[in-house]
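Numbering (UniProt numbering), first residue to last: 1 to 297.
Cβ coordinates follow ideal geometry from the N, Cα and C atoms, glycine included.
Written out below as structure tokens is the structure these notes cover.
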């Protein structure tokens, strides 16, 4: 801007000189010279000031020397000073579509990862960030993007395909957010969140994962069947032991006198309704037959 204002002022002076020498039309030279000179003066005055917009931080450089950062507001400067601004508003790095990250699991399976990194510039670390990137446009391309890709690949490489695809996605997302934050924070980049949006296996890996899931389900069903069979066998063993114990108790308690007494009671109950004829009760000396004639015939 400063050099442009100098050219305008030179042009204005030239027109006024030509007017005095009557080389050009008097009115044209006067009006044009004043107009060009006024514009040049405005540009010249503008080259001595700079306005940093809200939610921005400016980094001034003068002939290769980097100055302290400028906060939002009006700042006076040398015409030779260039100002590089950095926006402090949150930004999103969307790794999806053509930017999807291709990773490999610990088993060598190929997975395609979609994620979003929400980041922002730390205003207090803008000067260090300028020295690393050179401009705001380079922050994402030179720092956030390559570091994120590297960390995503390294994290997934520590997990199996099934863990990365299904069982450990939440743990993987948490681990990636921590590592990305630890990597970018010292450089002046604040990581607000890392959202693992989708993990898609390749076609070959998808078939292998489906087969592995089916095998796991079959194994679980077989293990459940074995547990059921063991439970049934244990139940039958307990029932058999209970029956044997009961039979032993009964056998030990039924003596000949008890059996003979029960036999007498049975015949007595039967004789009240029907005639009962000779039938032995017990055996041995006490096993004489009992004859009951309920009809008195």
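Residues bridged to residue i (per DSSP)
i: residue 73; result: 52
i: residue 187; result: Answer by DSSP bridge pairing: none, since residue 187 is not bridged.
i: residue 97; result: None; residue 97 has no bridge partner.
i: residue 200; result: 112
i: residue 60; result: 83
Selection from the options that minimises the alpha carbon distance to residue i
i: residue 105; options: 169, 52, 65; result: 169
i: residue 150; options: 137, 92, 176; result: 176
i: residue 109; options: 208, 120, 97, 249; result: 208
i: residue 202; options: 68, 71, 100; result: 100
i: residue 120; options: 200, 140, 174; result: 140
i: residue 205; options: 94, 243, 162, 249; result: 162
i: residue 48; options: 79, 55, 67; result: 79
i: residue 65; options: 50, 159, 82; result: 82
Secondary structure of residue i, DSSP reduced to three states
i: residue 179; result: helix
i: residue 249; result: helix
i: residue 67; result: coil
i: residue 219; result: helix
i: residue 163; result: helix
i: residue 106; result: coil
i: residue 173; result: helix
i: residue 266; result: helix
i: residue 78; result: coil
i: residue 208; result: helix
Span of the alpha helix (DSSP H), counted from its first residue to its last, around residue i
i: residue 300; result: Outside the displayed span of the chain (1 to 297) sits residue 300, for which this structure offers no information.
i: residue 126; result: 126 to 133
i: residue 120; result: It is not in any alpha helix (DSSP H) - residue 120 instead sits in the beta strand (DSSP E) that spans 110 to 121.
Range of the contiguous beta strand (DSSP E) that encloses residue i
i: residue 81; result: 81 to 87
Nearest-angstrom beta carbon gap, residue j and residue i [assumed within contact, 8 Å]
i: residue 195; j: residue 116; result: 5 Å
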